[in-house]
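In the working numbering, the protein residues as written are 12 to 138.
No residue lacks a Cβ here, since even glycine has one placed at the ideal position from N, Cα and C.
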């Protein structure tokens, strides 16, 4: 894999990560009657959404310490959950915040594991 391809991939993933944050904001702060649910329990939806977002950020921002990524994403989860207090038909629940936070933590570790695997794969000698 060429360096130019890696740089392009990381740039694309960084944009995707910020788009995920935008989607989290939108989905967190729309009125209840606008929602379309997946059929999964709400906490599972929270965990999956934050896991994916966190994995993308952890993969594309390797120079940022894991703890800082986790803290930032948990803070986002807290702000978005509290913001639901002012959205018609929505509620703010500690269990939803916890699910989002667990998803963010798992996502950061998954993203870092993925980049470590990819680096090892790229650096492996070819015979």
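Shown here, residue 51 sits in coil according to DSSP, grouped into three states, outside any helix or strand. Judged by DSSP in its simplified three-state form, residue 121 adopts helix. Assignment of residue 72 by DSSP, reduced to helix, strand and coil, places it in the coil class. In this structure the region 36–43 touches the region 93–102; the number of beta carbon pairs closer than 8 angstroms is three or more. Around the beta carbon of residue 70, a 10 Å sphere encloses 16 or more other beta carbons of the protein chains shown; the residue is thus reported as buried. Judged by pairs of C-beta atoms under 8 angstroms, the region 81–92 touches the region 29–39, as three or more such pairs exist. The C-beta distance from residue 66 to residue 131 rounds to 18 angstroms, too long to meet the 8 angstroms contact threshold. For the 9 angstroms CB-CB criterion, residue 110 and residue 58 form a contact. A direct Cα-Cα distance of roughly 11 angstroms separates residue 73 from residue 25. Here residue 133 is exposed: its Cβ has fewer than 16 other Cβ atoms, across all protein chains shown, within 10 Å. In the assembly as shown, residue 84 is a buried residue. Its beta-carbon has 16 or more other beta-carbons within 10 Å.
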